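Scroll down for the structure; my scribbles are underneath it.
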Amino acid sequence: MESFMGALGLYGLGTLALIWPKRLELAAHYVSMGLAVIASLMVLGLASQELLGLAGGGMLQFGRYSLVIDGWAAAFLVIIGLSGTAVSLYGMGYGRGYLGARIRQLTGLWNLFLGSMVLVVLAGDAFTFILAWEVMALVSFLLVNHESEKKQVVSAAYQYMVMTHLGTAAILMAFYLLGSGAESFAFADLAHSELPPVLKHIAFGCAFAGFALKSGLMPLHVWLPNAHPAAPSHVSALMSGVMLKVAVYGFGRFVFEFIGADVFAYGLIVMVVGLVSAFLGVLYASMEKDMKRILAYSSVENMGIIFAAFGCGMILVALDRPYLSVVAFTAVLVHSFAHSLMKCLLFMSAGAVMHATGTRNVELLGGLLKKMPWTAAFTLVGSMSLASLPFTGGLVGEWLTLQGMMTLAYESGTPELRLLVIFAFILLGLTGALALGCFVRLYGVTFLGRRRSNLVLKAHEMPFTMLAGMGLEALAILAMGIMPAPVVNLMRHVLVTSPLAIPAGDVIGLWWNGGQSESVFNPLLILLAALVLVALLLMTISSDKIIVHQDVTWNCGTEPTRRQQYTATGFSKPLRRAFDFILKPRRERVFLQRDHAYFGRKLHYNLLIPDQFTDRLYRPVEHIMVKLADTLRIVQQGSVRLYIGYTMIAMVIVLIWGGL
0 MESFMGALGL YGLGTLALIW PKRLELAAHY VSMGLAVIAS LMVLGLASQE LLGLAGGGML
60 QFGRYSLVID GWAAAFLVII GLSGTAVSLY GMGYGRGYLG ARIRQLTGLW NLFLGSMVLV
120 VLAGDAFTFI LAWEVMALVS FLLVNHESEK KQVVSAAYQY MVMTHLGTAA ILMAFYLLGS
180 GAESFAFADL AHSELPPVLK HIAFGCAFAG FALKSGLMPL HVWLPNAHPA APSHVSALMS
240 GVMLKVAVYG FGRFVFEFIG ADVFAYGLIV MVVGLVSAFL GVLYASMEKD MKRILAYSSV
300 ENMGIIFAAF GCGMILVALD RPYLSVVAFT AVLVHSFAHS LMKCLLFMSA GAVMHATGTR
360 NVELLGGLLK KMPWTAAFTL VGSMSLASLP FTGGLVGEWL TLQGMMTLAY ESGTPELRLL
420 VIFAFILLGL TGALALGCFV RLYGVTFLGR RRSNLVLKAH EMPFTMLAGM GLEALAILAM
480 GIMPAPVVNL MRHVLVTSPL AIPAGDVIGL WWNGGQSESV FNPLLILLAA LVLVALLLMT
540 ISSDKIIVHQ DVTWNCGTEP TRRQQYTATG FSKPLRRAFD FILKPRRERV FLQRDHAYFG
600 RKLHYNLLIP DQFTDRLYRP VEHIMVKLAD TLRIVQQGSV RLYIGYTMIA MVIVLIWGGL
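If you count the sequence shown from 1, position 454 lands on 453 in numbering that gives the first Met the number 0, and the numbers rise without skipping.
Here's what the structure looks like:
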């Protein structure tokens, strides 16, 4: 356990970039990001040792604050360490773009952000957890608000701050209720908390609301599509790829150790909310034109899949099938790990595209494959993984999720639960199909075809450190997809040794033909992957010998232009029409000024896809609160005597209340 203090110390040293002299800001950036890389590698190595059983856990006490590590914490520390290493490496090159624009603050807060997430996962009591959680929330707010000269960024940052503190308040309430039935707020004592059923239900509701808000589950997701595009791209990568998983860690700690998963309604609520979030998240992602908003809504989708698997496992535990719940709970950990890799990769890719072209709007891109071949290759890997295609890590977690649902259908024994599983399969099937279309659209419009604007002309490939960070994540995604057994077995071991203590067994073998073909399946995948790589290599070597006949595509007697390509909006139109009743699109026509005396005015069409939760839930609440605040201004008369009178009245009420 003491070894983690060394990594936290390096993060602390990296935070000192905040006070470096301005004339040394570039040196401060490189030194601080280098420390972040080293510290993240240390976290990755130490957590891997814990997962492999080479370390014996441990605990450190600092007064009432404590740090503890177990298998559940180690699994998420691996996520922080691996993604922290890759994205910090990427940030060395990407951060140079902020030279002269508060780069020291960006780099120093980056280290503090990573360190705070490590502390959240290592926390051994409620006080340490909430303190580290608040530091994480505050630092992430400052990072989102880094480009504060932009009005839209400030608005997104403060929306994120308000929402995240609502979540923190809910988590605080859950800890308070649990602590009221325990000897102390140490996790070991909270695990033996005895609460009446009503208070237990309230504690679960508060915990789920708080962590669901941080995870971006619908309808608590409204901050996420705004905050992620506002933040610098490497910050967006860490927020989506890692910070959202810290919320999964916290919810798992509550479910496994404090509250329990033995109430059927808990699992049902979590599963249904997860399924709806997965479907609606990818539906909205398929409509967006901003690369980072597409990825933000995709995070809503994938967090929905993770929580759907979590709910499935909780239902199996409530049905007294803890042994079978291992499939669903392993899906939670495996997909959390895979999503961290692929979402960090694609946010880094989005940052590279924005760095090269100056825009995130896919309608203005196209043809970037020739300009940025390495970035295009890495983006293709991430897109394939998010679409759950073979040979990628994204397939493994989603396949395990489906296996968990199938296990629930076979073992439930009731028609109602089987109908629920049918509903889950329909939504997950639609989610998978929409995700495939979404990322075909994203990759095709951005990297293939012909350029859609002159912005593409200035595009160029990224520096080595940025490519190295993307390449590390891409290799990890492919390795996980080709050889999933090590990751799956490690995550299963976590569940066996977690506070839930699921009995050991080879149930996970179900997902590859009853566990009997483990020795055959992986070599077959490796052979197929090797054949594909050899074929690609041969095509590359012999490409100069291939005879290519070029001709103009027939276009009704005219030569096609780049304006006649499919746009992102046009690509998604069939889907938009099919789900018009959910999306409620708004079409605007703007008549522009005449350019010629003898021709009509130009028309500009604008399509808006409003977030229905924002329009129908949050904006009405916002209007009510504004009206209430206007009403309360009546008591603000500016008179000191009146304010003293208010204080006296409050004191009298408190004294009367205390005497009752």
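Positions of the beta carbon are idealized from the N, C-alpha and C atoms, including for glycine.
Since this is a predicted model, take the numbers as computed values, not measurements.
(message) Quick check: the Cα distance between Ser516 and Pro389, rounded to an integer number of angstroms?
(response) Any reading at Ser516 needs caution, since the residue's pLDDT is 38, under 50, leaving its predicted position unreliable; the model's value is listed next. Going by the C-alpha atoms only, they are around 17 Å apart.
(message) Quick check on this structure: which residue in Leu194, Asp550, Asp614 has the alpha carbon closest to the alpha carbon of Glu182?
(response) Distance from the Cα of Glu182 is smallest, within the candidate group Leu194, Asp550, Asp614, for Leu194.
(message) Would you say Val143 lies against chain C (beta-carbon separation less than 9 Å)?
(response) Absent from the structure: chain C. Only one protein chain is present.
(request) Please say whether Ala475 and Gly392 have beta carbons closer to each other than 9 Å? (result) Contact flag set, yes.
(request) Kindly indicate which three-state DSSP category His603 falls into: helix, strand or coil? (result) Collapsing the DSSP output to three states places His603 in a strand.
(request) Let me know if Arg660 comes out buried or exposed under the rule of 16 or more other beta-carbons within 10 Å of its beta-carbon. (result) A query on residue 660 cannot be resolved here, the shown segment of the chain reaching from 0 to 659 and no further.
(request) For Leu323, name the three-state secondary structure that DSSP assigns. (result) In this structure, Leu323 counts as coil in the three-state DSSP scheme.
(request) Taking Tyr64 as part of the beta strand (DSSP E), name the residues at either end of that continuous run. (result) For Tyr64, the enclosing beta strand (DSSP E) covers residues 64-68.
(request) Could you check what DSSP says for Phe184 in three-state terms: helix, strand or coil? (result) Residue state, collapsed to three classes: coil.
(request) Return the residue from the list Leu427, Phe174, Glu49, Leu368 that minimises the CA-CA distance to Met404. (result) Residue Leu427 is the option with its Cα nearest to Met404.
(message) For Trp510 and Pro321, what's the separation of their Cα atoms in angstroms?
(response) For Trp510, the predicted structure reports a pLDDT of 42, less than 50, and the residue's modelled location is therefore unreliable. The matter cannot be settled from this model.
(message) What does the alpha-carbon distance come out to for the pair Thr167 and Gly259?
(response) Each residue's alpha carbon lies about 21 Å from the other.
(request) Tell me whether the beta-carbon of Tyr296 lies closer than 9 Å to the beta-carbon of Val281. (result) Tyr296 is a Cβ neighbour of Val281, given a cutoff of 9 Å.
(request) Kindly indicate the opening and closing residues of the alpha helix (DSSP H) around Leu165. (result) Where Leu165 is concerned, the enclosing alpha helix (DSSP H) stretches over 150-178.
(request) Would you mind working out which of Gly266, Ile37, Ala72 sits nearest Ala46, comparing C-alpha positions? (result) Among Gly266, Ile37, Ala72, the Cα nearest to that of Ala46 belongs to Ala72.
(request) Please list, in chain order, all residues of the same chain as Leu394 whose beta carbon is under 7 Å from its beta carbon, the five residues on each side excluded. (result) By the criterion of a C-beta distance shorter than 7 Å, Leu394 is surrounded in its chain by Ser387, Leu388, Gly480, once the five residues flanking it on both sides are discounted.
(request) Indicate the three-state DSSP secondary structure (helix, strand or coil) for Gly657 in the structure shown. (result) Gly657: helix per DSSP, three-state reduction.
(request) Within its chain, find whatever has a CB closer than 7 Å to the CB of Ser298; leave out the 5 residues flanking it on each side and keep chain order. (result) So the list reads Gly215, Leu223, Ser239, Leu243, Lys342, once near-sequence residues are dropped.
(request) On the DSSP bridge assignment, give the partners of Asn360 in chain order. (result) Secondary-structure assignment with DSSP links Asn360 through a beta bridge to Asp289.
(message) One question on the structure: do Ala26 and Ser87 come within less than 9 Å of each other, judged by their Cβ atoms?
(response) No.
(message) Let me confirm a value: Ser2 is counted as buried when at least 16 other C-beta atoms fall within 10 Å, else exposed. Which label applies?
(response) So Ser2 counts as exposed.
(message) Taking 7 Å as the limit between beta carbons, can you name the residues of its chain near Gly357, skipping five residues before and five after?
(response) Same-chain partners within the cutoff: Leu454.
(message) At the level of alpha carbons, what is the spacing between Leu602 and Thr560?
(response) Put simply, the backbone Cα of Leu602 is about 20 Å away from that of Thr560.
(request) Helix, strand or coil for Phe446, going by three-state DSSP, please let me know. (result) Phe446: helix per DSSP, three-state reduction.
(request) Please work out which residues of its chain come closer than 6 Å, Cβ to Cβ, to Glu24, disregarding the five sequence neighbours upstream and downstream, and give them in chain order. (result) Within the same chain, Glu24 has close Cβ partners Ile102, Arg103.
(request) Would you mind reading off the limits of the beta strand (DSSP E) that contains Met58? (result) Where Met58 is concerned, the enclosing beta strand (DSSP E) stretches over 57-61.
(request) Going by CA-CA distance only, name the one from Leu189, Thr374, Met162, His233 that's closest to Ala173. (result) It is Leu189 whose Cα lies nearest to the Cα of Ala173.
(request) Taking all protein chains shown into account, decide if Lys149 is buried (16 or more other Cβ within 10 angstroms of its Cβ) or exposed. (result) Answer is exposed; the Cβ neighbour count stays below 16.
(request) Ignore the nearest five residues each way along the sequence and tell me which others in Phe336's own chain have a CB closer than 8 Å to its CB. (result) Only residues of its own chain outside the window of five on either side were considered, and among them Ala74, Val77, Ile78, Gly392, Gly396, Met479, Val486, Met490 have a CB closer than 8 Å to the CB of Phe336, listed in chain order.
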